[in-house]
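Going by my numbering, the first residue of the sequence shown is number 117, and it counts up by one from there. The next block holds one structure in the form of structure tokens; read it before the comments.
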Amino acid sequence: MSGVPQSIHDELVNGILRKTHGTELAKIATDVATLEFADELIREADKEIRSAAEVAHSTDFRVWAKPLLDPILTEAGADFDEVYRRQEPNELNILGALAAA
């Protein structure tokens, strides 16, 4: 569709996707909301743990926590650095404009 503004194009495509895949998109939107909630809980728990350990900066916390958690995570098949890689909350929303139905 040449000559159509991007915002109109996006609105048309998103409208069609909602009509054809609305149920699936609603499920994904619920999953995204759950991930965002879990991420917020993790961030709050992280703050509390750092406060209790008297480790103010997140980098210092990683240095403090890695020797404690790395063996547990390695045994579970997880990588400490990947687990503690912080994403911005908006990176969790894979639907973007589609989430706003």
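Note that beta-carbon positions come from the ideal geometry of N, C-alpha and C, so glycine has one too. Keep in mind the model is a prediction, meaning the values are calculated, not measured.
Assigned with DSSP and collapsed to three states, His137 falls in helix.
Short of 7 Å from the beta carbon of Leu157, and not among the five residues preceding or following it, lies no beta carbon of its own chain. Around Tyr200, the same chain offers Arg178 as residues with beta carbons nearer than 7 Å, after the five sequence neighbours per side are excluded. With a contact defined as Cβ atoms closer than 8 Å, Leu141 and Arg134 qualify at about 6 Å. Counting only the Cα atoms, Asp126 lies some 33 Å from Glu198.
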